[in-house]
Amino acid sequence: MQAIEFEAIAHQHTIHIPDTVPDGVMLRVLLLLDENPKPSEQTTDSAEGETLKDLLASLTEGLTDEDLFRPREFGRELPEWDT
């Protein structure tokens with residue numbers, strides 16, 4: 008049995024293994040996390056322990072004031088009547 012230790016960052020729930028590992032080889036994977044990821048870094052599938060407030064607060068992360076701008080006039084336009 009051989010052991011290879013490497014560090015990787017998961018992206019879209021995948022981890023790239025080194026190119027030196029040949030295809031078709033049985034692997035045993037051990038994941039070690041230094042700390043718990045922040046709630047905004049977790050997916051909605053693993054939302055256990057998150058409160059609704061935490062989920063709602065993370066909705067606007069990365070948005071600018073321009074993205075959140077709303078016009079102050081919410082009424083309808085005045086209708087034009089045939090004369």
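Those letters in the sequence shown? Residues 8 to 90, by our numbering. Each residue gets a CB set at the ideal place from its N, CA and C atoms; glycine is no exception.
> So what does residue 20 bridge to, in DSSP terms?
Replying inline: Per DSSP, none; premise fails for residue 20.
>> Given this structure, state the Cα-to-Cα distance separating residue 10 from residue 68, to the nearest angstrom.
In response: 40 angstroms
> What is the rounded straight-line gap between the Cα of residue 15 and the Cα of residue 65?
Replying inline: So the two alpha carbons sit approximately 25 angstroms from each other.
> What is the rounded straight-line gap between the Cα of residue 79 and the Cα of residue 71?
Replying inline: 18 angstroms
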